[in-house]
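Quick note, in the numbering used here, the sequence shown goes up one by one and the last residue is 617.
Ideal Cβ positions, reconstructed from N, Cα and C, are used throughout, including at glycine.
Since the model is a prediction, treat every value here as computed from it, not as a measurement.
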Amino acid sequence: MAAITRRDLLALTTLAAAGAGLAGCSRIPGLGGDAAGSGEALGRPLDGARTLVAYFSLPLTDNPDGMNSDEENSTHVVDGKVLGNTQYVAQLIGARTGAELFRIETAQPLPLDFGVLEKQALQEQESGTRPELKALIPNLGDYDTVFVGYPIYWYDLPMPLYTFLEGHDFNGKTIIPFTTHGGSRLSGTVERIAEKLAKSTVSGNAFTISRDDMDSAPDEVGTWLDSLGAA
């Protein structure tokens, strides 16, 4: 497997549809280029009361002072509060849509040392590990649309995302991915989600943003949501 730089692994925030079409009966409307805003709208108004934003995010520190480069790469500070990059994007989506938020967390705390986390993430990927989660969504039936957010780990979904996807019944729901990254963009993860959720509608109009562009996230998220007809 090709090695990844320290910046590539943890583009953690508060999300290119790359590759060929998918096998099976998965539906991916609007699968297009890498840019946020490409693809089709939802085709219906988004009901914030029946929408959930589920996200996995791991800021390496909660201290806004004296961060090292890895900690800075994994975080975005808002009004003195440290947020993971994906967490920040999730909060922006929730604020614009009125959706509830659900944080995907592992039962066992993940290491906050970058080198240790990097090694563990690769080992889990190579072994196909499904880390146990702290909790599953208790009321998934209340939602028709689920935004799913995650950073790119080793050009793939973080392994806790596989646990999350496999641990819920998303049949009939609309899934809208969003990612944060350090250069890998969506890295084919939209297709992987569609393969897992063959009886869901997985939007190809997925959002992706570099950890270097977090200051522009409010505008970029707003433009993307407008393209979905969701904001």
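- The straight-line gap separating the alpha-carbon atoms of residue 463 and residue 573 is approximately 26 angstroms.
- Judged by their CB atoms, residue 483 and residue 536 are not nearer to each other than the 8 angstroms cut-off.
- Straight-line spacing of the CA atoms in residue 508 and residue 478 works out to 30 angstroms.
- For residue 603, the enclosing alpha helix (DSSP H) stretches over residues 603-614.
- Between residue 445 and the set 460, 452, 431 and 451, the nearest pair of CA atoms involves 460.
- Under the three-state reduction of DSSP output, residue 549 falls in the helix class.
- Residue 607 places its beta carbon 8 angstroms or farther from that of residue 590.
- By DSSP's assignment, residue 438 forms a beta bridge with 486 and 532.
- Proximity of the region 558-572 to the region 503-521 falls short of the contact definition, fewer than three beta-carbon pairs being nearer than 8 angstroms.
- Three or more pairs of CB atoms, one per stretch, sit closer than 8 angstroms, so the region 427-444 contacts the region 535-550.
- Taking C-alpha positions only, residue 531 is separated from residue 562 by approximately 8 angstroms.
- Take residue 614, set aside five residues on each side of it, and the residues of its chain with a beta-carbon closer than 8 angstroms to its own are 427, 428, 432, 562, 589 and 591, in chain order.
- Straight-line spacing of the CA atoms in residue 587 and residue 434 works out to 18 angstroms.
- Straight through space, the alpha carbons of residue 438 and residue 486 are spaced by roughly 5 angstroms.
- Cα atoms of residue 494 and residue 518: separation of roughly 8 angstroms, rounded to the nearest angstrom.
- Nearest in C-alpha terms to residue 579, of all of 598, 559, 543 and 612, is 543.
- Beta-bridge pairing by DSSP links residue 499 to no other residue.
- In this structure residue 497 does not touch residue 468 by the C-beta definition: roughly 17 angstroms separates them, more than the 8 angstroms allowed.
- Distance check between residue 581 and each of 454, 551 and 520 places 551 closest, using alpha-carbon atoms only.
- The C-beta separation of residue 475 from residue 603 comes to about 6 angstroms, placing the pair in contact by the 8 angstroms criterion.
- Under the three-state reduction of DSSP, residue 589 is assigned to coil, being neither helix nor strand.
- Boundaries of the beta strand (DSSP E) harbouring residue 467: 467-470, taken from the DSSP string.
- Counting along the chain, residue 579 sits inside the alpha helix (DSSP H) bounded by residues 575-582.
- In the assembly as shown, residue 522 is an exposed residue. Its beta-carbon has fewer than 16 other beta-carbons within 10 Å.
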